[in-house]
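Single-structure report; data block below.
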Amino acid sequence: MSSTTPNTRSALALNPLAAAIALALALPAAAQDDDTRGLEEIVVTAQKRVENLQEVPLSVATISGDKLESAGVENLGDLTAHMPNIHFTETGLSTQVRVRGIGSDNSQGMEQSVGMYIDGIYYGRAQLFRIPMMDMERAELLRGPQSTLLGKNSIAGALNLTTARPQNDLAAKLSIGQEVEFNGTEINAMANTPVGQAAAVRLAVRRLTEDGYMTNTYLDTEQPEKEENSVRLSGIWTASENLELYAKAEQHTFETTGRPIEITYDVPLSEGGLTYNEYLHVLSLPGLDAAQNYERQADQEEYSDNEVNNFTFKVDYDWAEHTITAVSGWLDFNYEELCDCDFVAAEIVPVRLEEDYEQFSQEIRIASPVGKRYEWIAGAYYQNYDQTFEDSIDLAETNFLTSTYPVLKGTAMKRDFAQSSDAWAIFGRVTWNLNDALHLTLGARYTEESKDATKSMNVVSLDDGSIVNDPVIGITYMGAFLAENEQATLIPNPNLPPSEWEPLRHSGHNVSGERDESAFTPLLNLEWDLSDDMMLYSSYTTGFKAGGFDPRSNRVGRFDNRAVNPNAAPPPEDEGDPLQNFEFEKEQATAVEIGMKNTLGDGRAELNVALYHTDYDDLQISQFDGGVGFNVGNAKKTLVQGIEIDGRWLIAEHLTAYYGFAWLDTEYKDFKNGNCYAGQTPDTDTDGDGFNETCDYTGKRGVYTPEFTGNLTLDYYRPLTDKLTFVSALDWQYVDGHQVHVNLDPAGEIDAYNLLALRVGIEGEHWGLAVLGKNLLDEHIVSYSGNAPLSDSQFNTNTHYSFIRKPRTITLEATLHF
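Residue numbers (the working numbering): 353 to 1170.
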C-alpha cells in the first residue's frame, strides 16, 4: 500500500464510515488553508520488517516510547489502559494477560497464550509479565494468532516490545516523578554516547519505590510496598558496510511487600448459616471486613522478590540485496514469595513459593528485498528451557488448623515440580505482488516440541524438611486441603490395627510424563489496495499452543472422596486417565479476519477496521478446586469474534486524537468440565464414575471478556515562546461490565468503569515540568476475584478475595535532557 498519491474519492465511495470521518475533516482543512501538515508515520516490526503501520494487513495497535513515558506507563498493567481488547491482572499465584478475551490461567506450567517478545526474545512465563518498562522505543499489540512468524504460543496475540537503541548522538536524560498520595518515587536516567564513527553505547537505569495504596488494618501497614530496580546496557557496532552487531544486557529486580488484595464478598452457603467473618469471631480469631474500601486484614508479612536477567545478541548482515538476521537470547528469572493465601488475619493457609527458569533461544532468518514481484522471509528457530517450581503450606503450632487437626502441627504439604522443553521450528512466508493493487501472502510454520516433567507432593517436617511417612497425617492433609500426597495411602480405622486399614484407591502423588508434539500452522492473506490511501485485506490464520504438565493441581487422577468423608462410596477400581489433572492437551485456533486501513484528509486522519472470527479447540483452562489448588484441563470448543476500530486524527495543527474501540463476543461452545463455583451443584459426570463432579459452562462467556472497550487520547501542544511549549494529554478508557471470578461465580460480575488520566506541563529546551493524574474519577476496580481457600470446604461460605487496582494518583514530574 502506498501513500504517496492521495485518491480519497474512490475510497470514500466504497466506505460510508470513512466518508463521515472525511467530511468531519473538511472543516479544519478549510481553516488551515495552505497547511499541509499530516500525521507522522508510525513504523512497526510486526512482520519482522520495518513497515508503515498503515501498510500492515493485520490488526495492530502501537504506542511510542515518548507516549509510554509521558503517560507514566510503568508495566504491562499500565499499558493495557491505552489499548482496547487487552486485559492484565495479577492473581493470588500468577499473572495473566488476555487479548480478545483469550489468555492463560493460573498455572506455572502453562505457556502463555499472549506471547511477549522484547527485542525479538520470547518471554514465555507468566511472572515475566510483571517486568518494569523503561527507556522504550515502542510497544506493539498484535491481535489474533501470530503463529507463523512469532511462534507456537502466540495463539491469542502478541506483545512486541522494542527498547530504545543506541544512537550516534551524545545524549542524556534524567526524569523524576513523585506521587503525592502514596509516596511513590520513580527515577529514570539514560546516557547515550557514540564510540568512534561506527559504534554507540546506551545505558538506562530505573528505580521506583512506593508505600502502597491499601491499608492492612491488622498489621497497621500500607501495602503493597514496592521497590524496583532496573539497569540496561546496550551497544551497536556497524562493523562494515554490510554488517551490524547489537548486544544488550539487562537486569530487573522487583520486590513487593504485601498485596493489593481484600475480601470483597462474604455470604453463607446455607440459609441461616454464618458468614466467614462470623465463624472467625465464634472461634475467637481476628475477623474480616468484606467491604471494598482499600482495607485488608492479613497476618503474614507477605513478600514477592523477583529477579530477571537477559542477554540479547543480534547480527544483521546484508548479502546480495538480502538481509540475514540472527538473534540469540539468554533469559533467566527466579522469584520467592510468601502468600497469605487465606487472605484473612487468622493464620490458616500461609504458602511459600519459589520458581527458577532458564531459557536459551536462537533464530536465524533471511529476508528478500522489498519492491520486487516476490517478497519473502524464511527462517529457523530453536528454544530450550528448564524450570523448577515448589511451594509449601506451612502449619506451625500457632496455625488455627492445628487446633482442629493436631496431627498436622509442625508439618507442611510440599510440592516439587520440574519441567524441561526443547522446541524447534522452520517458518516462511512469501508475498506475491500480483499487480500494483493485489498482494497474496502465503505463510507456514512447522514446529516440534518435546517436554518432560515430574511432580510430587509430600508431607514434610518444618524442622528439617524431611519427609514424614505417616498415613494418618497424609490422609488428614488430603481431607482438609483436597490434596493427594504420597503419604495418603490408607483409610485409618480406630477399630483395626494399621496393618488391616483399607487402602485408598488411586492414592499417592508422584507423577511424571513426556510429550512429543508437532504442529503445522499455515497462513493465507490477501491484500487489495483500492487506492493509495485505502487497503482492504482478508486473512486465514491458524494457531497452536503446546500442551504440557500442571504443577498447581492437588489431584492426579480420580479422587477418593473417602479421605474427606469415610462413609463416601469408593471410586471405581479403573482410574481411567491416571494423569487427568497433571497433563493437559495442546490448544489450537483457526481465525478468519477481514479488515481495512484508510488514510483520510490528505494524510491527517486514519481509520482502521478489523472484523474477526476465531474458533479455539481444547482451550487450556485452570479453575479453583474449592480447596487450595487449581485444576487444569481443556474446554473443547470456544468461539471468539468481534470488531476493532482504531486510528488517529490530526484535528488541528497542535491537537491530535488517537482512538480505539472494540466489540467482543465470546462463548464456550463445549465446556462441560468446568469447576463449579461455591454453592453450585455439579451437573456433569466427566469421568464416567457415575457421580457428577463438574459444571457445564457451555453457552457462557469466559472471564475478562467485556463486550465493549474503548480508548481515546487527545494530545495537545502549543508553543508559548521560542523556548517554551505547553503540553497536555487526556487519556480515557471505557471497559464494559464483565466477569472477573475464576470459576464464573455470578457474584464476580463487575460493573462498567471509566479510567481518565490527564497530563499537563511546560517544556523548555533542556527541561520539563508536568503534573500527571491517573484514574481521576477514582474508580474502585476489581481486576480479579477468587474464593478464599477453605472458606467453602471448611466453613461452608462463599467468600471472595479480590485484587483492587490503584485509586486516583497525582504525580509531579521533572525532566532534564540534552
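Every residue, glycine too, gets a C-beta built ideally from N, C-alpha and C.
**Prompt:** Curious, which full-length alpha helix (DSSP H) runs of at least 4 residues does the region 719-807 contain?
**Reply:** DSSP runs (the alpha helix (DSSP H)) wholly in the region 719-807: 753-756.
**Identified DSSP bridge partners for F901** = F901 pairs with E935.
**Message:** Taking the beta carbon of S1209 as the centre, do at least 16 other beta carbons fall within 10 Å, making it buried, or is it exposed?
**Reply:** Lying before the first or after the last residue shown, residue 1209 is absent from the chain, which here runs from 353 to 1170.
**Asked** For the region 891-910 against the region 827-840, are there 3 or more C-beta pairs whose distance is under 8 Å?
**Response** With the cut-off at 8 Å, the region 891-910 and the region 827-840 touch.
**Request:** Inspect the CB distances between the region 1013-1029 and the region 1052-1061 and report whether three or more fall short of 8 Å.
**Result:** Contact between the region 1013-1029 and the region 1052-1061 is present: 3 or more CB-CB pairs across the two stretches fall below 8 Å.
**Prompt:** According to the Cβ coordinates, are G453 and T1057 closer than 8 Å?
**Reply:** Taking 8 Å as the Cβ cut-off, G453 and T1057 qualify as a contacting pair.
**Prompt:** So what's N629 in DSSP terms, helix, strand or just coil?
**Reply:** DSSP places N629 in helix when its eight states are reduced to three.
**Request:** For Q406, name the three-state secondary structure that DSSP assigns.
**Result:** Residue state, collapsed to three classes: helix.
**Asked** Per the contact definition of three or more C-beta pairs closer than 8 Å, is the region 945-963 in contact with the region 911-918?
**Response** By the Cβ criterion, the region 911-918 is not in contact with the region 945-963, since fewer than three pairs of Cβ atoms, one from each stretch, lie closer than 8 Å.
**Prompt:** Roughly how many whole angstroms lie between the Cα atoms of L760 and T754?
**Reply:** Roughly 6 Å separates the two Cα atoms.
**Item:** Proximity to K400 [Cα-Cα], best of L1096, I470, L1002 and M830
**Value:** Ranking the options by Cα distance to K400, first place goes to I470.
**Request:** Using 10 angstroms around the beta-carbon of D487, count the other beta-carbons present and answer buried if the total reaches 16, otherwise exposed.
**Result:** Counting Cβ neighbours within 10 Å, D487 comes out buried, since at least 16 surround it.
**Asked** Are three or more beta carbon pairs between the region 506-516 and the region 784-799 nearer than 8 Å?
**Response** In the pairwise beta carbon analysis, the region 506-516 is classified as not touching the region 784-799: fewer than three pairs are separated by under 8 Å.
**Prompt:** Would you say L1259 and A541 are within 8 Å of each other, going by their C-beta atoms?
**Reply:** What is shown of the chain runs 353 to 1170, which leaves residue 1259 out entirely.
**Message:** Please report the straight-line C-alpha distance between G865 and Y669, rounded to a whole angstrom.
**Reply:** Between G865 and Y669, the alpha-carbon positions lie close to 42 Å from each other.
**As assigned by DSSP and simplified to three states, the class of Q397** = Contrary to the premise, residue 397 reads as Thr rather than Gln in this sequence. In the structure shown, T397 falls within a coil segment according to DSSP collapsed to helix, strand and coil.
**Request:** Pull up the distance between the alpha-carbon of Q384 and that of I1114, whole angstroms please.
**Result:** In this prediction, Q384 has a pLDDT of 44, which is less than 50 and means its spatial position is unreliable; nothing more can be read from the coordinates.
**Prompt:** What three-state label does DSSP hand Y469 in the structure shown?
**Reply:** DSSP, read as helix, strand or coil, puts Y469 in strand.
**Prompt:** How many Å lie between S582 and H604 at the Cα?
**Reply:** Cα to Cα, the separation comes out at about 4 Å.
**Asked** Name the DSSP beta bridge partners of L959, please?
**Response** DSSP, once it has assigned bridges, lists N950 as partnering L959.
**Item:** Selection from D684, A642, N661 and E689 that minimises the alpha carbon distance to A697
**Value:** Out of D684, A642, N661 and E689, A642 has the C-alpha closest to the C-alpha of A697.
**Message:** Please list the terminal residues of the continuous alpha helix (DSSP H) segment that includes G999.
**Reply:** Per DSSP, G999 is not a residue of any alpha helix (DSSP H); the beta strand (DSSP E) it occupies stretches across F982 to A1004.
**Asked** Since L1062 is in the beta strand (DSSP E), which residue starts that stretch and which ends it?
**Response** Sequence inspection shows Gly at residue 1062; the Leu mentioned does not correspond to that position. Counting along the chain, the beta strand (DSSP E) containing G1062 begins and ends at F1060 to P1071.
**Coarse secondary structure for G529, derived from DSSP in three states** = Here G529 sits in strand by DSSP.
**Whole-Å CB distance - L480 paired with M468, under 8 Å assumed** = The Cβ separation is near 7 Å, so the contact holds.
**Prompt:** Candidates K1021, V961 and T1008: which alpha carbon is nearest A987's?
**Reply:** K1021 is the residue among K1021, V961 and T1008 whose C-alpha sits nearest the C-alpha of A987.
**Request:** Provide the residue(s) that pair with W853 in DSSP beta bridges, ordered along the chain.
**Result:** W853 pairs with nothing; no bridge assigned.
**Asked** What are the start and end residues of the beta strand (DSSP E) that includes D1083?
**Response** Where D1083 is concerned, the enclosing beta strand (DSSP E) stretches over T1077 to V1087.
**Message:** How far does the beta strand (DSSP E) with F685 in it extend, from its first residue to its last?
**Reply:** Per DSSP, F685 belongs to the beta strand (DSSP E) from H674 to D692.
**Item:** Boundaries of the beta strand (DSSP E) in which T1149 is found, first to last residue
**Value:** Segment T1149 to I1156, the beta strand (DSSP E) holding T1149.
**Request:** Kindly identify the DSSP beta-bridge partner or partners of N1139.
**Result:** DSSP lists H1152 as partners of N1139.
**Asked** What are the start and end residues of the beta strand (DSSP E) that includes G1113?
**Response** It spans Y1105 to E1115 - the beta strand (DSSP E) in which G1113 sits, taken as one unbroken run.
**Asked** For T432, which of helix, strand or coil comes out of DSSP?
**Response** Three-state DSSP puts T432 in a helix.
**Message:** With a threshold of 8 Å on Cβ separation, who are the neighbours of A376 within its own chain once the five nearest residues in sequence on each side are excluded?
**Reply:** In this predicted model, A376 has a pLDDT of only 43, less than 50, meaning its place in the structure is not dependable; the value taken from the coordinates is given anyway. Excluding sequence positions up to five before and after A376, its CB lies less than 8 Å from no other CB in the same chain.
**Asked** What does DSSP give as the partner residues of A413 in its beta bridges?
**Response** Beta-bridge pairing links A413 to L493.
**Prompt:** How is Y598 classed by DSSP in three states: helix, strand or coil?
**Reply:** Strand, per DSSP.
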